[in-house]
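Numbering (UniProt numbering), first residue to last: 1 to 104. For every residue, glycine included, the Cβ atom is placed at its ideal position computed from N, Cα and C. Note that this is a predicted model, so its numbers are computed, not measured.
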Amino acid sequence: MTIYIAREATKLWRKVCAETSVELQLLFEKWHLLLAGIVFQYIHGLAARGVHYLHRPGPILQDMGFMALPELGQDKGYLSETVFTCIFLSFLLVGDLFAPLYVD
Numbered sequence: 001m002t003i004y005i006a007r008e009a010t011k012l013w014r015k016v017c018a019e020t021s022v023e024l025q026l027l028f029e030k031w032h033l034l035l036a037g038i039v040f041q042y043i044h045g046l047a048a049r050g051v052h053y054l055h056r057p058g059p060i061l062q063d064m065g066f067m068a069l070p071e072l073g074q075d076k077g078y079l080s081e082t083v084f085t086c087i088f089l090s091f092l093l094v095g096d097l098f099a100p101l102y103v104d
């Protein structure tokens, strides 16, 4: 049993090393794209902070959703959280149940 585990461990280590070397080669080839992404993300952060600083609050916009379902208020806030939790957990459960169908 230990021989089998050791053999699988060396296979796994070889695969990790091979994947790491491929990823490093890609990084060395495409480093300029990564740098451009970091620069643009920094510019986006500066712009977002600037817009946030210049923002002046206006009147609250209304739409049909708020008219049909008004705000629950602080005393019934748990109801909204409960519904959200049930929907979120149901998506996780369904995703886990059907995940084996999509594996190659």
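For D75, the three-state DSSP class (helix, strand or coil): Here residue 75 is taken as the residue at index 75 of the sequence shown, counted from 1. Coil.
Using 8 Å for Cβ pairs, my map puts L61 next to L72. What's the rounded Cβ distance? Your numbering for residue 61 matches position 61 in the sequence shown. Your numbering for residue 72 matches position 72 in the sequence shown. With 8 Å as the limit, L61 and L72 do not qualify as a contact, their Cβ atoms being about 19 Å apart.
Length of the line joining the Cα atoms of Q25 and V83: Locating residue 25 in the sequence shown gives position 25, where the first residue counts as 1. Locating residue 83 in the sequence shown gives position 83, where the first residue counts as 1. Their Cα atoms are separated by approximately 47 Å.
What's the C-alpha gap between L54 and F66? Here residue 54 is taken as the residue at index 54 of the sequence shown, counted from 1. Here residue 66 is taken as the residue at index 66 of the sequence shown, counted from 1. So the alpha carbons of these two residues sit roughly 27 Å apart.
Can you give me the C-alpha to C-alpha distance between C86 and G77, rounded to a whole angstrom? Looking up residue 86 in the sequence shown gives position 86. Looking up residue 77 in the sequence shown gives position 77. Cα to Cα, C86 sits roughly 15 Å from G77.
Distance between V51 and W13 (C-alpha atoms, nearest Å): Looking up residue 13 in the sequence shown gives position 13. Looking up residue 51 in the sequence shown gives position 51. Spanning the two alpha carbons is a distance of roughly 49 Å.
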